[in-house]
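Data first, discussion second: the structure below is written as structure tokens.
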Ligand SMILES: C[S@@+](CC[C@H](N)C(=O)[O-])C[C@H]1O[C@@H](n2cnc3c(N)ncnc32)[C@H](O)[C@@H]1O
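In this note's numbering, the protein residues as written are 58 to 297.
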């Protein structure tokens, strides 16, 4: 861990972390993050899946108890923002992690198909979702999956795109999301300034960057949500 201020360093050591998780908060420029290999990213998520509870999918700068409380508030705010858009619908969820959002979607939707690149995350998600017959979880990238065009009513993403570091990979993912549905919901941790203590495996993009990325889809609704002090943005996009 380099150039980290002491307070942040102590918090991370105190609140995370999986065994062998050493360099997550190493500070490197965006251009270097964009070059991190797929194999290293994959390994990071397999390691990180070993963290306790919601720590696996949230920042280790915050305590487990804070992140649990923040998860509840985030879920409430997301599902109120989406209103009836999930009810009885076919949903694709990008990067399900431990399935904390998947379960809430499954309670409302007709069906949820979800993916993740980490087998360990999916194992935890499957355990959490036992008994939910309308959920189908798959290992792999969204653009490698073979679904008919527009076969979902909505594609749901919760803090996954910020972890897709390569611009080429990001573009392929967005294209695949648009192929699957005319309606796309994102919640992403967005830009906080240059020196924010963020994971090496995250890029905090500006809201405008997401608007551009999703063109020609139109932004229908947007909202800021503070998650333990971090700036999360909700975006709802629709095909023109
Ligand atoms: C911060 S967690 C969020 C998990 C979940 N969406 C949530 O909000 O609880 C990010 C998840 O994205 C997964 N992930 C990273 N890159 C991915 C990709 N290219 N495609 C699908 N999943 C990915 C990770 O394995 C991890 O489970």
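Don't be surprised by glycine CBs; every beta carbon is placed ideally from N, CA and C. Predicted, not measured: the structure shown is a model, and the values here were computed from it.
Whose C-beta lies closer than 8 Å to the C-beta of residue i among residues of the same chain, with five residues either side of it excluded?
i	result
residue 261	219, 246, 247, 248, 249, 253, 255
residue 193	168, 169, 170, 171
For residue i, count neighbouring Cβ atoms within 10 angstroms of its own Cβ and tell me buried if that reaches 16, exposed if not.
i	result
residue 215	buried
residue 208	exposed
residue 281	exposed
residue 140	exposed
residue 137	exposed
residue 80	exposed
residue 230	buried
residue 155	buried
residue 166	buried
residue 180	exposed
I need the DSSP call for residue i, collapsed to helix, strand or coil.
i	result
residue 215	strand
residue 307	A query on residue 307 cannot be resolved here, the shown segment of the chain reaching from 58 to 297 and no further.
residue 260	coil
residue 159	helix
residue 119	coil
residue 80	coil
residue 114	helix
residue 298	Beyond the ends of the chain as shown, which are 58 and 297, falls residue 298; an answer cannot be given.
residue 193	strand
residue 287	strand
residue 180	helix
For residue i, which residues in the same chain have their Cβ closer than 6 Å to its Cβ, ignoring the five residues on either side in sequence?
i	result
residue 213	148, 150, 242
residue 264	247, 290
residue 195	172
Hey, residue i and residue j are a contact pair by Cβ (cut 8 Å); roughly how many whole angstroms apart?
i	j	result
residue 303	residue 221	The structure shown does not extend to residue 303, since the chain is modelled only from 58 to 297, so the question has no answer here.
residue 142	residue 163	Incorrect: roughly 15 Å between the Cβ atoms, too far for contact.
Once the 5 residues before and after residue i are set aside, which same chain residues still bring their CB inside 7 Å of it?
i	result
residue 161	132, 136
Return no unless some Cβ of chain D is closer than 8 Å to the Cβ of residue i.
i	result
residue 245	The chain labelled as chain D is not found in the depicted structure, where only one protein chain is given.
Any 3 or more C-beta pairs closer than 8 Å across the region 193 to 209 and the region 233 to 245: yes
Would you say the region 90 to 108 touches the region 174 to 185, given that touching needs at least three Cβ pairs under 8 Å? yes
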